[in-house]
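Visitor: Quick one: the structure is below, questions incoming.
Numbering (the numbering used here), first residue to last: 19 to 174.
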């Protein structure tokens, strides 16, 4: 299914536990994230809600789930991000980087909670574990997550 802007309640950016430790694990805000070059980048605009999802298997630390929330800045730099995995050679294309304003949640939302809540059990990130980055929440899923985190953080 090709998404349209009406399908997007919030963007979901995937992050490995190692990337989490390197980029935000000490409480620093996140100002951007590297993603795959897909048509979805054309749908990103300033001020859209966004979350950072830490991946991992059961027992992984940090616990998989939503750890940050905020907004997109609308900036998509097609070649300023890190190199794609396996792109060790000089001159290889860099991944796009999406501008963000995200802060850590006081109480992250664990994957198991999202999986067992009827409002969020069909999140794309739960259905397609190795899917697109960015992924997305529908408007209804975003409303449920917003309730779980006690309201969306205000942009800085």
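Using N, Cα and C, we set each Cβ at its ideal position, and we do this for glycine too.
Our contact map puts residue 27 next to residue 157 with C-beta atoms below 8 angstroms; I'd like the distance itself, whole angstroms only.
Guide: Contact holds; Cβ gap of about 4 angstroms.
Visitor: Just how far apart, CA to CA, sit residue 125 and residue 169?
Guide: Taking the straight line joining both Cα atoms gives about 12 angstroms.
Visitor: Helix, strand or coil: how does DSSP classify residue 153 here?
Guide: It is a strand residue.
Visitor: Give the straight-line distance between the Cα atoms of residue 87 and residue 58, rounded to the nearest whole angstrom.
Guide: Using only the alpha carbons, I get a separation of about 19 angstroms.
Visitor: Could you tell me whether the Cβ of residue 122 comes closer than 9 angstroms to any Cβ of chain C?
Guide: Of the chains in the structure shown, none is chain C; there is only one protein chain.
Visitor: Would you tell me roughly how many angstroms separate the C-alpha atoms of residue 61 and residue 76, rounded to the nearest one?
Guide: Taking the straight line joining both Cα atoms gives about 32 angstroms.
Visitor: Just to confirm, is the Cβ distance from residue 69 to residue 144 under 9 angstroms?
Guide: Going by C-beta atoms, residue 69 is not nearer than 9 angstroms to residue 144.
Visitor: Go to residue 35, then tell me how far its alpha helix (DSSP H) extends in each direction, as first and last residue.
Guide: Note, residue 35: alpha helix (DSSP H), 35–41.
Visitor: Residue 129 to residue 123, Cα distance in whole Å?
Guide: One C-alpha to the other measures close to 14 angstroms.
Visitor: So the alpha helix (DSSP H) residue 53 belongs to, where does it begin and stop?
Guide: Note, residue 53: premise wrong, no alpha helix (DSSP H); not H, not E.
Visitor: Can you look up residue 122 in the DSSP assignment and give me helix, strand or coil?
Guide: The answer is strand: DSSP assigns residue 122 an E or B state.
Visitor: Kindly indicate which residue of 22, 165 and 120 has the alpha-carbon position closest to the one of residue 172.
Guide: Out of 22, 165 and 120, 120 has the C-alpha closest to the C-alpha of residue 172.
Visitor: Taking DSSP's pairing of strands, which residues face residue 85 in a bridge?
Guide: Per DSSP, none; premise fails for residue 85.
Visitor: Going by beta carbon distance, what residues of the same chain come within less than 7 angstroms of residue 91, once the five residues before and after it are set aside?
Guide: Within the same chain, residue 91 has close Cβ partners 64, 117, 118 and 119.
Visitor: For residue 150, I'd like the list of residues in its chain whose CB is within less than 8 angstroms of its CB, leaving aside the five on either flank, ordered along the chain.
Guide: Closer than 8 angstroms at Cβ, skipping near neighbours: 54, 56, 58 and 142.
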